[in-house]
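Counting from 1, position 98 in the sequence shown corresponds to residue 154 in the numbering used here; the numbering is continuous, with no gaps. Worksheet: one structure, shown below.
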Amino acid sequence: MAGIGPTTSESLQAGLRRLQVARPNARQLLDVPRSWGRVQRGFVDVCKRLTAGLAPWPLFVHGDVGTGKTRAGLCLCDIVPGALYWPTDLVSAVAFKPDDFVWEAARNASLIVVDELATANHCNDYEYNGLKRLLDIRDRGDGRVGVYISNLPPDRLRQYFDDRIASRLLCGTIYEFGGNDQRMVRQ
Ligand SMILES: Nc1ncnc2c1ncn2[C@@H]1O[C@H](COP(=O)(O)OP(=O)(O)OP(=O)(O)O)[C@@H](O)[C@H]1O
Ligand SMILES: [Mg+2]
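See below:
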């Protein structure tokens, strides 16, 4: 397809091929229970399209509270060797750090999932600069392979950050988690 580069990460593809196979929650946040069986089918499909080179990276994910975004991101990390899961707090905390091992890890990760974007009332310098730095690092590497998760839809994301960050986050594929708050459904 025009405009879509050779963005496929081999390890990500290999991981996605095993989507149907039950996996232990071996990698990040072991105390957060999750299973692929409860991930929205549309998210699985979009991941397959991304890794097949049929949709462009990065993937921006948004949706209402409790729709399963975080669990889906963690499930993805579970099956991709070398994947990183970073809450935005971590991005902010290292924003102005010299080029240390944290940024080295971000540069080399086969996949990075950044969660909890834009949760404060206003964007601050730490979140802004950390995120811009991360997105630019990923832009240099293997085809912007990353998943960025927020409650805010694209238009509000633009207001929260600005056009520069929005451009970097929204230049690939956008997926919305629909449905109800699954925390409430359980009660
Ligand atoms: N794949 C899954 N495996 C297991 N439980 C799930 C899964 N997806 C959703 N759930 C259930 O739904 C609840 C909400 O999921 P999750 O925390 O991923 O939502 P979220 O969209 O990230 O919410 P928020 O917008 O508040 O960050 C979880 O507490 C869990 O009970
Ligand atoms: Mg979440």
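We put the beta carbon where it would ideally sit given N, CA and C, even for glycine. Quick caveat: nothing in here was measured; it's all calculated off a predicted structure.
- With a contact defined as Cβ atoms closer than 8 angstroms, LEU146 and ALA165 miss out at about 13 angstroms.
- Within the segment 114-165, the complete beta strand (DSSP E) runs of at least 3 residues fall at 115-119, 139-143.
- Using a cutoff of 7 angstroms, the CB of ASP145 does not count as near ligand 2, since none of the ligand's heavy atoms is closer than that.
- Within the chosen limit of 7 angstroms, ligand 1 reaches the beta carbon of ALA128 through at least one heavy atom.
- At least one heavy atom of ligand 2 falls within 7 angstroms of the beta-carbon of LYS125.
- With contacts defined as CB atoms closer than 8 angstroms, THR144 and VAL102 fail to qualify as a contacting pair.
- Rounded to whole angstroms, the gap between the alpha carbons of ALA151 and ALA162 is 12 angstroms.
- By the neighbour-count criterion, in which a residue is buried when 16 or more other Cβ atoms sit within 10 angstroms of its Cβ, LEU110 is exposed.
- THR123 has its alpha-carbon roughly 6 angstroms from the corresponding atom of GLY235.
- Checking the 7 angstroms criterion, the Cβ of GLY235 is out of range of every heavy atom belonging to ligand 1.
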